[in-house]
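What follows is a single structure, written as structure tokens, with notes after it.
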Amino acid sequence: MSLLDLVGAALGFVLTLAIFSYIWGDNALFRIASYLFVGVAAGYAAIMVIGSVILPQLVFPFIGGNRNEQVFALLFLLLSALMLAKISHRLTKLGNSAVAYLVGVGAAAAIGGAVTGTIFPQSAASMRVFSAHANPLNALVILAGTLSVLLYFQFSASKKTSDDDTENQRSGWMESISDIGRVFIAITFAALFTGVYLASITALIERVSFLWNFITGLIF
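Sequential numbering of the sequence shown, starting at 0, is according to numbering that gives the first Met the number 0.
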């Protein structure tokens, strides 16, 4: 093991123990490790923004770009300047247009991603259950899950009862099917949480294995 590898392994060993020290409560070692992680992550993010966004989009077009690239760079530079105007209370209104543009683009990207990445694939998967090559049991489960979950999120008008309470006007069979959808949702969340816990346990095992290998490497 080279000196650089040894220093890196020792630093990782110390930081791992500092993070594990949170088991006994909040302490200075854990805070130092947390602040170091936040600082390194912020520095890495700043470097990535400068190298991947600011320089290619706002600097390089004015140095060696064509006219179209320079026009777009000037537009981006103007929007960035308007965003910086939000810092001042007197100039905050100047940044509203830039914020509106940013929110609009973000909302369009989110909706487009949801439609093309979730709704269309889910609809296509639901329609495949009618294929002649589909497994009948799998097709039935997929179709029942899709319809029951959609019905669970179907809202209907409410009416007031004699006790000034409100009750749903959905019929009994709709409520029964929506209960099945609730079961599918619970199974989905259980699978997601299981994946999260498995990932956490995997990370824990990797860190414990790292500590063990580091100690045994120093001894033997």
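Each residue gets a CB set at the ideal place from its N, CA and C atoms; glycine is no exception.
By alpha-carbon positions, which one of the options ends up nearest to residue i?
i: F29; options: G7, L35, P60, I18; result: I18
i: S177; options: S199, T145, E205; result: T145
i: L150; options: L136, A138, N137, G171; result: G171
i: I184; options: V98, F152, L136; result: F152
i: L77; options: Y196, P120, S208, S96; result: S96
i: Q56; options: F71, A124, L136, V104; result: F71
Work out the CA separation of residue j and residue i for me, nearest whole Å.
i: K85; j: V102; result: 15 Å
i: M47; j: E174; result: 51 Å
i: N134; j: I141; result: 10 Å
i: N212; j: E205; result: 10 Å
i: F59; j: L74; result: 14 Å
i: V52; j: S1; result: 36 Å
i: L191; j: S199; result: 12 Å
i: G50; j: H88; result: 31 Å
Which residue comes first and which comes last in the alpha helix (DSSP H) that contains residue i?
i: T115; result: Counting along the chain, T115 falls outside any alpha helix (DSSP H), and DSSP gives it neither H nor E.
i: T145; result: 135-151
i: V6; result: 2-19
i: R181; result: 171-218
i: I46; result: 27-48
Could you tell me if residue i is buried or exposed, where buried requires 16 or more neighbouring beta carbons within 10 angstroms of its beta carbon?
i: S147; result: buried
i: A45; result: exposed
i: P120; result: exposed
i: G94; result: buried
i: A9; result: exposed
Closer than 9 Å, CB to CB, is residue i near chain B or not?
i: N67; result: This model lacks chain B altogether, as it is built from one protein chain only.
Any contact of the region 20-29 with the region 211-219, i.e. 3+ C-beta pairs under 8 Å? No, because fewer than three Cβ pairs between the region 20-29 and the region 211-219 fall closer than 8 Å, the two stretches do not touch.
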